[in-house]
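Structure, as structure tokens:
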Amino acid sequence: MTGHAPAGADDVVGTFLDTFWRAWPVTATFAGVHGLDACLPDWSPEGLDDVAGTWARLVRAARSARGDDAVPALSLPLPRSPEEADLLCAEANAILLADECASRHGPGTNPVYATGDAVFGLLGVLARHAHTDPVSASDGAADAAARLHGIPELLDGVRRAIGGQPVPGAWRDRARRELVAGRRILGEGIPLWVRQARPETEWAEALYEACGPARAALQAMAEWLDGDVPAAHTRTTAIGVEALERRLRLAHWEPRSTDQLLDDAQRRLAEASAEWRAMAAAAHPGGWPGVLQALADGAPHADDYLPRLQRRWDADRAFATRHDLVRWPDEHPVRFVETDRWARPGSASLYYLNYRSPAPYDPRVPHRHQVPYLPDDADARQAVLRGMHGATIALNHVIHHAGLGHHVQNWHAARARTRIGRMAAVDGACRIALPTGGTVAEGWASYAVDLVDELGGLEPLERVVQQHTRVRILCRAVADLSLHAGLWPHAEAACCFEREAAMPPDAAEAEAIRTALFPGTAIMYWLGTSGLHALRRELGPRYPSLRAFHDAFLSYGAIPVPMIAHLMRGEVA
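This note's numbering puts the first residue of the sequence shown at 84, with every later residue one more than the last.
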């Protein structure tokens with residue numbers, strides 16, 4: 084592959100990253116950039132105006148660094164080198180982040196951004212220091228106290244930014260839940276964390292003192308949402324066709340129109356749904372409900388809960404090694420644990436991920452994958468165990484997340500040939516760090532399960548569940564496009580998951596809310612997976628092995644799949 088680093092590329096990308104960490108300090112904590120662990124974002128009107136101007140200057144700098152004749156990123160130019168891919172991603176993300184500052188879906192108008200960062204700003208530093216030495220625990224307590232003291236200012240700034248604008252009910256409901264969860268963590272979780280760390284130390288009192296103003300600010304925000312914010316019509320979650328297509332182009336390098344994508348996704352959804360129902364009927368006389376019942380009946384016992392997860396992870400690694408699928412990082416092990424006790428009071432109401440991507444700049448090994456904890460109540464405990472049946476363990480917790488999927492991809496990304504690709508898929512408080520990381524992060528993880536299925540690594544009932552996952556991925560794509568193009572109200576998005584994927588109403592509503600919050604994001608699963616499958620059909624035969632193809636793909640990190648495809652074509656030309 085030919086190509087060289089554009090002049091000034093390192094400076095522009097470095098400035099972009101530094102600006103991003105300062106604008107999103109909670110995400111910086113999760114990435115391992117720890118100089119901002121005591122900070123929270125500024126989403127006041129003044130703060131948003133200031134950072135929007137910075138993003139606009141970075142757009143111009145990134146384009147200038149690509150050359151005087153460079154076309155805008157919105158025209159979807161393809162990179163000639165990893166360095167040029169970095170500049171394109173910097174330009175695209177800067178445009179999208181600037182758009183968010185002015186958008187009614189951005190942090191200045193959507194309270195979920197503020198409630199998520201307020202709570203996860205605290206959880207991020209506590210989690211980093213929960214299982215370390217006393218000195219580290221003291222540092223964590225100091226950072227946590229500083230962020231607690233910053234919560235009133237963060238929430239006040241967002242209230243001023245929202246002003247009297249109406250807020251969709253789905254956003255308000257999620258924000259309320261996160262505020263309740265935050266208060267529970269302050270009241271119940273922090274004392275548990277302190278007792279686990281060093282309760283006799285002097286910093287414990289300072290941490291407790293910081294909880295009071297933060298708790299009052301969370302309560303005031305909840306009362307403000309309940310009493311002073313008008314409700315918006317359900318269709319106001321739509322971002323509109325023009326803005327949606329702009330986002331799809333810049334985040335995913337997707338040239339097709341909304342209509343073209345929707346036609347394709349609806350056709351594929353009908354095909355996938357018919358195949359899923361046929362597979363379920365063939366696998367069990369009771370169809371899909373019978374499949375779920377059979378899986379639940381084979382769920383692990385409490386004493387075999389964590390060991391079963393570990394055995395499946397070991398088997399997944401052995402399967403990938405035996406088939407020579409990818410370079411598997413032996414120095415990057417996973418340890419399965421139940422959700423930390425200090426986080427349990429609020430975890431169920433938060434975007435509390437079982438698998439959270441390891442910090443690329445500060446990895447801790449072994450990586451702790453937190454699975455649902457087993458309650459003391461016997462009936463509740465049994466319900467958790469039945470939900471953590473073999474297919475949930477294999478397809479979701481192990482292959483997709485902690486094994487061949489996200490975990491292997493994250494290891495490769497931390498060593499990627501693109502600087503933005505190293506951090507774009509880091510899990511933040513509400514979503515991954517940058518929009519351009521989505522198609523690789525979720526595309527590879529979903530493709531990984533497809534790959535194991537293709538090579539005979541799934542049991543018959545697991546194969547039915549995996550086909551159901553394909554249906555859900557397509558439901559996400561259809562709902563994302565239909566909701567944000569203004570074709571559906573919120574209720575119809577939830578109905579899509581109930582109707583097409585037979586999801587329970589509460590689970591369908593949760594999917595619809597996630598889709599409503601972040602336009603052009605839910606579609607990344609389908610675009611990434613289908614793009615990777617297409618790329619393998621095209622270029623796979625030109626590589627000496629499947630592992631060589633996969634390693635080459637992953638070496639670029641989390642940047643849009645079409646960019647990687649173009650760079651790989653240059654490798655094998």
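Note that beta-carbon positions come from the ideal geometry of N, C-alpha and C, so glycine has one too.
Since the structure is predicted, the reported quantities are computational estimates derived from the model, not experimental observations.
- Buried is the label assigned to G504, since at least 16 other Cβ atoms lie within 10 Å of its Cβ.
- Annotated as distal: L238 and A227, with beta-carbon spacing of 9 Å or more.
- In the DSSP assignment, F636 falls outside any beta strand (DSSP E) and lies within the alpha helix (DSSP H) extending over 629–637.
- Under the rule that a run must span 3 or more residues, the beta strand (DSSP E) segments found entirely inside the region 450–529 read 450–454.
- The residues V202, E261, A264, in chain order, have a CB closer than 7 Å to that of L433 in the same chain once the five nearest residues on each side in sequence are set aside.
- Between G611 and H335, the gap from beta carbon to beta carbon is short of 9 Å.
- In the structure shown, F99 adopts helical secondary structure according to DSSP, grouped into three states.
- Scanning its chain for C-beta atoms nearer than 6 Å, with the 5 sequence neighbours on each side dropped, one finds around A224 the residues W286, L290, in chain order.
- DSSP places P643 in the coil class of the three-state scheme, outside both helix and strand.
- Secondary structure note for V409: it is in no alpha helix (DSSP H), with a DSSP letter that is neither H nor E.
- Burial is judged here by how many other beta carbons sit within 10 angstroms of a residue's own beta carbon; P455 has at least 16 and is buried.
- Assigned with DSSP and collapsed to three states, E542 falls in coil, not helix or strand.
- In the displayed model, E421 falls within a strand according to three-state DSSP.
- For V374, the enclosing alpha helix (DSSP H) stretches over residues 370–380.
- Around the Cβ of S638, a 10 Å sphere holds 16 or more other Cβ atoms; the residue is buried.
- Cβ atoms of A258 and V195 come within 8 Å of each other, at about 5 Å.
- For H214, there is no enclosing alpha helix (DSSP H), as DSSP marks it with neither H nor E.
- If you draw a straight line from the Cα of L436 to the Cα of Q453, it is about 8 Å long.
- Between L327 and A175, the C-beta spacing is not below 9 Å.
- Rounded to whole angstroms, V154 and P160 show a C-alpha spacing of 7 Å.
- Judged by DSSP secondary structure, L119 falls outside any alpha helix (DSSP H); it is assigned neither H nor E.
- Going by beta carbons, V644 and L618 fall inside the 9 Å limit.
- Per DSSP, reduced to three states, the secondary structure at A656 is coil, with no helix or strand assignment.
- Minimum Cα-Cα distance from A385 among the listed residues L345, E421, R360 corresponds to E421.
- Under the 8 Å Cβ criterion, the region 599–613 counts as touching the region 517–530, having at least three qualifying pairs.
- Checking the DSSP bridge columns, you'll see P251 partnered with A315.
- The three-state secondary structure of N437, taken from DSSP, is coil.
- By alpha-carbon distance to L352, the top candidate from G91, A562, V134, A145 is A562.
- Ranked by Cα distance from L557, the first of D347, R630, T501, T192 is D347.
- DSSP places M362 in the helix class (H, G or I) of the three-state scheme.
- Within the model, the alpha-carbon separation for A145 versus I647 is close to 19 Å.
- Annotation: the continuous alpha helix (DSSP H) that includes A576 extends over 573–584.
- Nearest neighbour of I596 by Cα position, chosen from H214, G191, A321, F402, turns out to be A321.
- At least 9 Å separates the beta-carbon of E358 from that of G473.
- Setting aside the 5 residues that flank it on each side, P338 is surrounded in the same chain by L159, R332, each with a C-beta closer than 8 Å to its C-beta; the list follows chain order.
- A straight-line Cα-Cα distance of about 14 Å links L650 and L615.
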